[in-house]
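Student:
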Amino acid sequence: MIKPCNFFAAAFLAALPGVVFSRPPAQDQPSRPTFRTEVTEVRVDVVVMQNRQPVAGLVEADFRLLDEEQPRPITSFGFENEPLSLLLLLDVSGSMQPYLKEMASVATTALNGLNNADRACVMSFAARAGTDVSCTHNRNLAAQALKTVRWSADLGNGTAINRSVLDAVELLRAEPATHSRMLAILTDNRRLNYQITDAQVIEAMARANVTLNAILTPDAESPKPERGVVNPDFTPSNVFHLAEETGGAVLQSGRTGESLIRLITELRSRYRLSYRPAPGDGLRRVRVELAPAARKKFPKAVLRARGTYYAGAAEPLPSTPAQPQ
């Protein structure tokens, strides 16, 4: 049976390949700690796509990097050579069952697209999240978790997307700093979030250097503007926005297994740029673009990269209140 996850245990256990662990319900957790982030170097993963295909062969001079709209020199550059930690966060509500089965059918093939140095983890969620397998180099173990994931009473009733993303961010935070920390959520983007806003989640991902990618069902939609009296405790789910702000992909199809294969292919075709930021605290904006010569060569290229990072004294991450049933 799946048990909800514990961040403090994860900080130790996630370093051990193939370890499966559990945590008490989120409402029983102590308050989240305060972290100090001393940023001496900012790393930015960049995926360059044209005509739905990754663009390979670019070099450092093909990119321009701006911190708070001020150009910054790139201090290191690489392509595909950095390991990644990929966490699959799976919505196990009733409407998602056909899509979970479709993804499970290609689980082994999809995860074999990872490199030997990469790590994979699997979490499932409903009203709260639980860890099916902690981060591991063992792709077969992760694939087996994908094939057997299902709802259990420990996960509660309902769908709490933002709360579950925060739990996933805590697990990824314990992954090696040398890894690109990638979160891939499978969901239909339905239901409301309780007392956890998108802004809080985006800031938490910026602090932990996590990129959110979304694998969505065909009927998933961005939320429409609210009318009339709005209860501020409840906000609509919007993984489209979370992916855009963190530089992640949004793949929408009924063939969720093919989407996972495509996502891993794109993540393994990424560039990594590093630079030394200007002094400053708080949430800061970063932007990557192609240099004029590269833009001329690839006029339809689309770049995906994180838009923020966090520097200086960090406030505690938001707590995760229980989702109303």
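Position 36 of the sequence shown, counted from 1, bears residue number 36 in the numbering used here, the numbering being contiguous throughout.
For each residue, glycine too, the CB sits at the ideal point set by N, CA and C.
1) DSSP on E289, reduced to helix/strand/coil?
2) From which residue to which residue does the alpha helix (DSSP H) around G257 run?
3) So the candidates are V149, P98, S95, A127; which of them puts its Cα closest to the Cα of C121?
4) For A177, name the three-state secondary structure that DSSP assigns.
5) With a threshold of 16 other CB atoms inside 10 Å of the CB of R306, please say whether the residue is buried or exposed.
6) Strictly by DSSP, which residues pair up with Q252?
7) Please list the terminal residues of the continuous beta strand (DSSP E) segment that includes T75.
8) Report all residues from its chain with a CB closer than 7 Å to the CB of G280; omit the five preceding and five following residues, and keep chain order.
9) What's the C-alpha gap between T37 and R207?
10) Taking the alpha-carbon of R304 as reference, which of N81, V48, P236 has the nearest alpha-carbon?
11) Where D132 and A145 are concerned, what is the direct C-alpha to C-alpha distance, given to the nearest angstrom?
12) For G57 and L84, I'd like the C-alpha separation in whole angstroms.
13) Find out if the Cβ-Cβ distance for the pair M205, T246 is shorter than 7 Å.
14) Roughly how many angstroms lie between the CA atoms of C135 and V165, to the nearest whole one?
15) Between I202, P232, A243, V210, which has its C-alpha nearest S222's C-alpha?
16) Taking all protein chains shown into account, do 16 or more other C-beta atoms lie within 10 angstroms of the C-beta of D198, making it buried, or fewer, making it exposed?
17) Less than 7 Å separating the beta-carbons of Q50 and F298?
18) What's the C-alpha gap between L86 and R52?
19) Need the endpoints of the beta strand (DSSP E) that R272 sits in, please.
20) With burial defined as no fewer than 16 other Cβ atoms inside 10 Å of the residue's Cβ, what is the status of V230: buried or exposed?
21) To the nearest angstrom, report how far apart G158 and A107 are at their CA atoms.
22) Just to confirm, is the Cβ distance from E203 to P54 under 7 Å?
Tutor: Considering the structure as presented:
1) Strand at E289.
2) G257 -> alpha helix (DSSP H) spans 256-267.
3) The residue with the shortest Cα to Cα distance from C121 is V149.
4) Three-state result, A177: coil.
5) The residue in question, R306, is buried, as its Cβ has 16 or more Cβ neighbours within 10 Å.
6) The partner list for Q252 (beta bridge, DSSP) reads L216.
7) 74-79 is the extent of the beta strand (DSSP E) around T75.
8) Taken in chain order, the residues that qualify are A311.
9) At T37, the pLDDT of 44 sits below 50, so the modelled position is not reliable; the number obtained from the coordinates is stated separately. When rounded, the separation of the alpha-carbon atoms in T37 and R207 is 8 Å.
10) It is V48.
11) Between the C-alpha atoms of D132 and A145 there is a straight-line separation of about 6 Å.
12) If I take the Cα positions, the gap works out to 20 Å.
13) For the 7 Å CB-CB criterion, M205 and T246 form a contact.
14) Near 16 Å, if we compare the C-alpha coordinates of V165 and C135.
15) Restricting attention to I202, P232, A243, V210, the CA atom closest to the CA of S222 is found in A243.
16) With 16 or more other Cβ atoms within 10 Å, it is buried.
17) Remark: C-beta atoms of Q50 and F298 approach each other more closely than 7 Å.
18) Taking the straight line joining both Cα atoms gives about 21 Å.
19) Counting along the chain, the beta strand (DSSP E) containing R272 begins and ends at 271-275.
20) V230 is classed as exposed because its beta carbon has fewer than 16 other beta carbons within 10 Å across all chains shown.
21) Taking the straight line joining both Cα atoms gives about 26 Å.
22) Going by beta carbons, E203 and P54 fall outside the 7 Å limit.
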